[in-house]
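**Q** Chains as they are written, first to last, in UniProt numbering: chain A, 1 to 256; chain B, 1 to 435. Just so it is clear, CB atoms sit at the ideal spot from N, CA and C, and this is done for glycine as well. These numbers were taken from a predicted model, which means no experiment stands behind them.
1. Hey, is residue 151 (chain A)'s beta-carbon within less than 8 Å of any beta-carbon in chain B?
2. Between the region 134-149 of chain A and the region 188-206 of chain A, do at least 3 Cβ pairs fall closer than 8 Å?
3. Measuring CA to CA, which of B:167, B:188 and B:320 is closest to residue 126 (chain B)?
4. From residue 168 (chain B) to residue 91 (chain B), what distance separates their C-alpha atoms?
5. Counting Cβ pairs, one atom from each stretch, are 3 or more of them under 8 Å apart for the region 90-98 of chain A and the region 160-180 of chain A?
6. If we ignore side chains and look at the alpha-carbon of each, how far apart do residue 351 (chain B) and residue 380 (chain B) end up?
7. Is the shortest distance between the beta-carbon of residue 391 (chain B) and the beta-carbons of chain A less than 8 Å?
8. Shorter than 8 Å from the beta carbon of residue 162 (chain A) to some beta carbon of chain B?
9. Can you list, in chain order, the residues of its chain with a C-beta nearer than 6 Å to that of residue 370 (chain B)? Leave out the 5 residues immediately preceding and following it.
10. Using only alpha-carbon positions, find the residue among A:109, A:38 and A:170 that is nearest to residue 48 (chain A).
11. Between the alpha carbons of residue 107 (chain B) and residue 124 (chain A), how many angstroms are there, rounded?
12. Could you give the DSSP three-state label for residue 204 (chain A): helix, strand or coil?
13. Apply the 10 Å Cβ neighbour rule to residue 161 (chain A) and answer buried if 16 or more other Cβ atoms are within range, or exposed otherwise.
14. Measuring CB atoms only, is the region 218-238 of chain A touching the region 182-195 of chain A, in the sense that at least three cross pairs come out at less than 8 Å?
15. Of all the residues that make up the region 42-64 of chain A, which are near chain B by a beta-carbon distance shorter than 7 Å?
16. DSSP on residue 248 (chain A), reduced to helix/strand/coil?
17. Have a look at residue 356 (chain B) and residue 292 (chain B) and give me their C-alpha separation to the nearest angstrom.
18. Give the range of the beta strand (DSSP E) segment to which residue 314 (chain B) is assigned.
19. What whole-angstrom Cβ distance do residue 170 (chain B) and residue 198 (chain B) have, given they're in contact under 8 Å?
20. Cβ of residue 105 (chain A) less than 8 Å from any chain B Cβ?
21. With DSSP run on the structure shown, which of helix, strand or coil describes residue 100 (chain B)?
22. Please list the partners that residue 409 (chain B) has in chain A, where partner means a Cβ-to-Cβ separation under 7 Å.
23. Using a Cβ-Cβ cut-off of 8 Å, state whether residue 388 (chain B) counts as contacting chain A.
24. With a threshold of 8 Å between beta-carbons, can residue 131 (chain A) be considered close to chain B, or not?
25. Output needed for residue 12 (chain B): all residues of its chain with C-beta closer than 8 Å, excluding positions within five of it in sequence on either side, in chain order.
26. Are the beta-carbon atoms belonging to residue 149 (chain B) and residue 100 (chain B) less than 8 Å from one another?
27. Runs of 3 residues minimum, wholly inside the region 320-362 of chain B: which ones carry the beta strand (DSSP E) assignment?
28. Ends of the beta strand (DSSP E) at residue 5 (chain A)?
29. Tell me whether residue 13 (chain B) sits in a helix, a strand or coil according to DSSP, three-state version.
30. First and last residue of the alpha helix (DSSP H) that includes residue 431 (chain B)?
31. If contacts are defined as beta-carbon pairs under 8 Å, then residue 8 (chain A) and residue 57 (chain A) qualify, I think. What distance do you get, rounded to the angstrom?
32. Within the continuous beta strand (DSSP E) that includes residue 248 (chain B), where are the two ends?
33. Any idea what DSSP makes of residue 92 (chain B), helix, strand or coil?
34. If you follow the alpha helix (DSSP H) that residue 119 (chain B) is part of, which residue opens it and which one closes it?
35. Under 8 Å between C-beta atoms, does residue 351 (chain B) make it to chain A?
36. Taking Cβ-Cβ distances below 7 Å as the criterion, which residues of the region 375-387 of chain B are in contact with chain A?
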């Protein structure tokens with residue numbers, strides 16, 4: 001579904017991603033872990049098409065479409081979804097109106113007629129229930145005055161509404177208490193299917209107890225330096241990143 | 001001192017005045033009123049950039065030409081479809097070049113309301129008691145000119161305890177085959193406990209130049225409630241000078257919603273509210289969206305003269321292209337106006353590299369036990385918010401519309417009429433330029 005080859009990207013002329021490779025197939029959940037500043041959030045932003053990031057090399061294909069050629073909105077319409085680490089507050093835009101606009105613009109892109117109001121509201125109700133999102137929040141301004149946990153839950157609610165092919169969760173667990181974490185994870189688990197895939201970016205193994213990944217990758221200095229199964233996450237939790245850093249740094253030094 | 005710069009219109013008016021006064025056969029007190037007013041106008045001349053209140057708003061290009069001073073085809077048909085507001089059930093009153101056209105207007109059958117062309121009520125006692133008693137106390141030369149030479153307009157009187165079931169929509173149409181100078185004069189009087197909603201739309205038929213100098217005086221007696229909308233949707237070549245003077249008595253409520261959209265190249269609104277009694281409430285809301293080389297200038301005065309009154313003002317400007325939006329909000333709290341609660345907020349959004357917004361909140365407080373606050377912001381599109389919307393599949397155009405609607409929302413959510421709100425939201429959407 002997603003194929004990233006030798007991806008290089010920089011921000012303000014500083015190279016952050018230095019040749020990243022990743023293959024994600026439908027039905028899979030990949031976790032990306034790594035120390036601070038390794039490039040995890042940059043990867044998420046580059047895939048979503050944030051302007052400040054400049055892609056300097058490599059390619060990304062989503063179901064064989066050149067993702068890097070597309071505008072952020074077309075990437076979303078092709079089925080890419082980024083759950084933001086810091087969701088933006090937009091006072092005056094109602095959550096529901098925002099979602100209706102998003103759903104219908106995606107439908108229009110696919111040549112479908114706008115969704116009937118009744119059908120849309122039915123969908124809202126159904127998805128709210130699925131991800132345990134408070135109906136009161138859905139009717140408020142987009143993220144305005146939401147707590148950190150409520151914002152993250154709103155991201156998952158949007159994810160449920162838009163039914164993307166590939167969802168990237170960028171540190172969705174940060175700032176969540178145990179209950180909120182469970183709710184968010186349950187939401188994601190309900191949405192997992194044969195036809196979609198998830199990339200879960202996280203610092204902590206804790207989230208992976210709830211969203212069990214098929215693969216775990218360690219990102220360091222803009223590259224994936226180790227891949228494994230869910231057991232790798234447990235090993236990292238226990239040993240930290242230093243042993244990995246040392247071996248990568250040693251290799252680098254040897255190369256010089 | 002006369003600082004009159006050479007102006008064709010000024011000289012044209014000076015000649016026209018004497019001739020008109022004789023021709024029309026006005027009676028007293030009209031003759032004296034008009035003469036005194038014209039003397040004031042002659043003394044002051046048209047405002048120039050040297051006047052503080054006009055420093056951003058140059059009248060010279062507008063008055064430096066000849067105009068037709070009265071309608072050559074007074075009975076003509078007009079197209080008012082542009083002013084139609086979807087879903088709004090209102091009595092429509094049509095004014096063409098400032099003249100009330102009863103033949104084109106709806107008949108109001110509800111009891112307790114009197115509507116007339118202003119030229120037909122000179123002998124009406126109530127009219128005479130209020131006419132030219134308020135706006136003429138200001139130093140606006142355009143009011144003096146209007147008092148001296150207005151020829152048309154509306155007088156509306158709503159009787160005691162009358163709450164109108166339907167809104168009144170006044171449609172001001174500018175329509176001429178030659179450049180025309182229209183002077184419209186309105187007086188609306190609401191008796192105690194009267195309630196009404198008046199929606200004024202400004203449109204043009206054709207693209208001939210018009211300069212429209214309108215003065216409206218509004219009197220709200222005890223516990224009267226008025227919702228008052230201005231919807232400026234006219235064409236590029238129609239220019240507007242509007243002066244609104246509101247006098248409020250005890251427990252009255254006046255809400256003004258002043259909305260301007262891309263079109264008319266020159267709009268100057270003066271909206272002055274005089275809180276002339278205790279326990280008065282006034283709200284002034286504004287949304288201005290400008291484009292091309294438009295100038296929209298809103299000057300407001302909230303004059304707290306008595307204790308225990310409340311005023312609330314919120315203006316939003318969005319300037320695009322090479323356009324200019326001006327906001328000047330004066331709040332006076334006079335020595336007697338203790339326990340005043342006055343709020344003012346002005347938020348601005350600059351879209352387009354060459355647009356400008358000039359804003360001046362101005363508070364003058366002479367009482368010591370009052371609560372006054374004001375704020376002013378200047379901003380652009382929030383790139384983070386735009387990206388967030390796009391990341392959900394929303395395209396540039398829709399994302400911008402959502403954000404501008406959101407920006408205007410603080411004001412549009414206050415609208416008393418849902419149909420007008422939807423109409424205004426639609427006009428904002430239409431008026432936004434998406435590169």
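**A** This is what the structure gives:
1. No, no contact with chain B.
2. no
3. It is B:188 whose Cα lies nearest to the Cα of residue 126 (chain B).
4. 5 Å
5. no
6. 6 Å
7. yes
8. yes
9. 333 and 340
10. Ranked by how close their Cα comes to the Cα of residue 48 (chain A), the residues A:109, A:38 and A:170 have A:170 in first place.
11. 47 Å
12. coil
13. buried
14. no
15. 48 and 50
16. helix
17. 12 Å
18. Note, residue 314 (chain B): beta strand (DSSP E), 310-319.
19. Going by Cβ atoms, the distance from residue 170 (chain B) to residue 198 (chain B) rounds to 7 Å, so yes, they are a contact pair.
20. yes
21. strand
22. 92
23. yes
24. no
25. 66, 67 and 69
26. In terms of Cβ geometry, residue 149 (chain B) and residue 100 (chain B) do not form a close pair [threshold 8 Å].
27. 324-333 and 341-350
28. First-last of the beta strand (DSSP E) with residue 5 (chain A): 2-11.
29. helix
30. 418-431
31. Sure, about 4 Å apart at Cβ, within 8 Å.
32. 238-248
33. strand
34. Premise fails: residue 119 (chain B) is in no alpha helix (DSSP H) and is neither H nor E.
35. no
36. 384, 385 and 387
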